[in-house]
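Here the sequence shown is numbered in UniProt numbering, starting from 1 and rising by one per residue. Here the structure comes first, spelled out in structure tokens, and everything after it is commentary.
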Amino acid sequence: MTAEATTKLPPGWWIRTHDGSFAGPPPIPQDYTNDDDSEVDGVDGQSVVDDEGGLDIRPDSPGWEDMEADTESLTVQCLLCPQQFSSPNLMLEHCSSSHNFDFVNVVRSRGLDFYGAIKLVNLVRSQVPGLANPDQLAVASLDSDDLLKPVLENDALLFSLDDVVDFEALAEQTQEEAAGVDNAG
Numbered sequence: 001m002t003a004e005a006t007t008k009l010p011p012g013w014w015i016r017t018h019d020g021s022f023a024g025p026p027p028i029p030q031d032y033t034n035d036d037d038s039e040v041d042g043v044d045g046q047s048v049v050d051d052e053g054g055l056d057i058r059p060d061s062p063g064w065e066d067m068e069a070d071t072e073s074l075t076v077q078c079l080l081c082p083q084q085f086s087s088p089n090l091m092l093e094h095c096s097s098s099h100n101f102d103f104v105n106v107v108r109s110r111g112l113d114f115y116g117a118i119k120l121v122n123l124v125r126s127q128v129p130g131l132a133n134p135d136q137l138a139v140a141s142l143d144s145d146d147l148l149k150p151v152l153e154n155d156a157l158l159f160s161l162d163d164v165v166d167f168e169a170l171a172e173q174t175q176e177e178a179a180g181v182d183n184a185g
């Protein structure tokens, strides 16, 4: 290995071959600390720059103001009509008040887990347009794994189920009820 090749090694690296040992440039000193979550500055109080192009990598450095926030507008379609809402909670309130269908109560009363709730959403979306009342849906209908396939592409309600139903609390409640039945019998 030649002296020219050793200069291409990253700082702090060294290699041992049959021709001997070769080292790259000395490691770059880490003279700054960040114990209090404050902004990390260089040794002389200047902004931190990377080794490659000397770019300022702090979020408040020039150029970052052009970055757009990673926010998408959420649009949730009603389970029972084509109306759109900006949040799953608004949609569920609409279902309860306008269609007399309380999705969260149905999930709780049937003891559905997360996947059962996904199946219920897809069952309601696929069959309710032909039904006068969504309460006519049979529990046995939820046994099919075909219902795990979304009826609506990118269904925002399916992505938000954890936000509207506390599945952990529901599972604990179901276990407590089952334990109470076992102890009573």
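We put the beta carbon where it would ideally sit given N, CA and C, even for glycine.
L92 sits close to V164, with the two beta carbons spaced by under 8 Å. P82 places its beta carbon 8 Å or farther from that of A156.
Distances from the alpha-carbon of S86 to those of K149, R16, T75 and I118 put T75 closest.
D143 has its alpha-carbon roughly 24 Å from the corresponding atom of E176.
Setting aside the 5 residues that flank it on each side, T174 is surrounded in the same chain by G111, each with a C-beta closer than 6 Å to its C-beta; the list follows chain order.
The distance from the Cβ of K119 to that of L79 is about 13 Å, inconsistent with a contact at the 8 Å cut-off. In the three-state reduction of the DSSP assignment, I28 falls in the coil class. With fewer than 16 other beta carbons inside 10 angstroms of its own, N100 counts as exposed. Out of V121, P29, P27 and P25, the CA that lies nearest to the CA of L161 is found in V121. Taking a contact as a CB-CB distance under 8 Å, the pair W13 and G20 does not count as one, their CB atoms being some 15 Å apart. Counting of Cβ neighbours within 10 angstroms places L90 among the exposed residues, the total staying below 16. Around the beta carbon of A117, a 10 Å sphere encloses 16 or more other beta carbons of the protein chains shown; the residue is thus reported as buried. In the three-state scheme derived from DSSP, where H, G and I count as helix and E and B as strand, R110 is classed as coil.
Sequence-distant partners of Q84 (beyond 5 residues in either direction) whose C-beta falls short of 8 Å from its own C-beta, in its chain, are T75, V76, Q77 and C78. Of F114, E172 and F103, the smallest CA-CA separation from V124 is found for F103. Here DSSP, grouped into helix, strand and coil, assigns T17 to strand. When rounded, the separation of the alpha-carbon atoms in I28 and F159 is 45 Å. Spatial neighbours of N105 in its own chain (CB-CB distance under 8 Å, excluding positions within 5 residues in sequence) are not present. Contact annotation: P26 and P11 have beta-carbon atoms nearer than 8 Å.
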